[in-house]
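Novice:
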């Protein structure tokens, strides 16, 4: 269980910024508000992965 969680958090941590970059590149014509919301969503996913890493290392 712990190993699977570590792999999932690793993928989320490393792929979230890449996915955000690709998503923003594809949606160039969208409004600034849309892009800001998108950044918040991807940023929160990245923060969850980061906190999950911290939680795994504390245990």
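Numbering (my numbering), first residue to last: 481 to 539.
Beta carbons: idealized from backbone N, C-alpha and C, even for Gly.
The model shown is predicted, which means the values in this text are computed figures rather than measured ones.
To the nearest angstrom, report how far apart residue 499 and residue 521 are at their CA atoms.
Specialist: Straight-line Cα distance between these residues: approximately 11 Å.
Novice: Does the beta-carbon of residue 540 have 16 or more other beta-carbons within 10 angstroms, so that it is buried, or is it exposed?
Specialist: Nothing about residue 540 can be read from this structure; the chain reaches only from 481 to 539.
Novice: Using 8 Å as the cut-off, can you tell me whether the segment 511-529 makes contact with the segment 484-492, which would need three or more C-beta pairs spanning the two stretches below that distance?
Specialist: The answer is yes - the segment 484-492 touches the segment 511-529, with three or more Cβ pairs under 8 Å.
Novice: State the DSSP-derived secondary structure class of residue 516, mapped to helix, strand or coil.
Specialist: Here residue 516 sits in helix by DSSP.
Novice: Under the three-state reduction of DSSP, which class applies to residue 524: helix, strand or coil?
Specialist: If DSSP states are grouped into helix, strand and coil, residue 524 belongs with the helices.
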